[in-house]
Amino acid sequence: MSVRPEPIKVGNTLILSTDSGGIDVGKLVLDYQEKPHQFTVKNFELKTIFADEWKPDPQTKQVIDGWNKKLDKVVQQTVAQSPVELTRAYGESSSLGNLAADALLFTAGKRHPVSAY
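Counted the way UniProt numbering counts, the sequence shown spans residues 1 to 117.
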């Protein structure tokens with residue numbers, strides 16, 4: 001039995017989860033008061049979607065397709081090359097993790113990578 005996530009309000013920010021993997025789509029209905037400017041949650045529900053039953057909203061699909069075209073151009077660009085395979089590991093050091101950490105250090109102004117070995 002899965003537990004349905006509930007919206008959490010932190011300050012003036014609503015935090016919601018629709019689970020992972022794109023299986024569920026969240027529908028959030030808000031009540032809005034102009035004075036004072038505030039939103040309250042009226043209803044939140046998760047709907048399971050199945051690929052053979054789902055039909056995209058044409059207007060939303062057009063917007064997403066436009067952004068995907070722009071994104072495709074960006075993500076297809078080579079920004080670096082590695083002479084070794086970049087692997088990840090959970091709970092231990094990895095070549096991919098070291099690359100990410102070195103990039104953060106470089107951006108922060110530290111010009112010498114720190115070796116984890």
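Glycine is no exception: its CB is placed at the ideal position from the N, C-alpha and C atoms.
Spatial neighbours of residue i within its chain, please: C-beta separation below 6 angstroms, excluding the five flanking residues on both sides.
| i | result |
| --- | --- |
| residue 120 | With the chain covering 1 to 117 only, the question about residue 120 has no answer from this structure. |
| P5 | S17 |
| I15 | I8 |
| V41 | P7 |
| F39 | L30, Y32 |
Quick one: using the 10 Å Cβ neighbour count with 16 as the cut-off for buried, is residue i buried or exposed?
| i | result |
| --- | --- |
| M1 | Reliability fails at M1, whose pLDDT of 47 lies under 50, so the model's placement of it is uncertain and the value that follows must be treated cautiously. Counting Cβ neighbours within 10 Å, M1 comes out exposed, since fewer than 16 surround it. |
What does residue i pair with, by DSSP beta-bridge criteria?
| i | result |
| --- | --- |
| N12 | Per DSSP, none; premise fails for N12. |
| K110 | Bridge partners of K110: none, in fact. |
| L28 | F44 |
Going along the chain, which residues of its own chain have a beta-carbon closer than 7 angstroms to the beta-carbon of residue i, five neighbours each way excluded?
| i | result |
| --- | --- |
| F106 | none |
| K73 | none |
Hey, is residue i close to the ligand HEM, as in C-beta under 6 angstroms from one of its heavy atoms?
| i | result |
| --- | --- |
| I15 | With respect to small molecules bound, the structure shown includes none, and the ligand HEM cannot be examined in it. |
To which residues of the same chain is residue i closer than 8 angstroms at the C-beta, ignoring the five residues directly before and after it?
| i | result |
| --- | --- |
| D24 | T18, L46, K47, T48, I49 |
| Q77 | none |
Please confirm if the stretch 83–103 is in contact with the stretch 49–65, defined as three or more CB-CB distances below 8 angstroms between the two stretches. no
Contiguous beta strand (DSSP E) assignments of at least 3 residues, all confined to the stretch 34–73: 38–48
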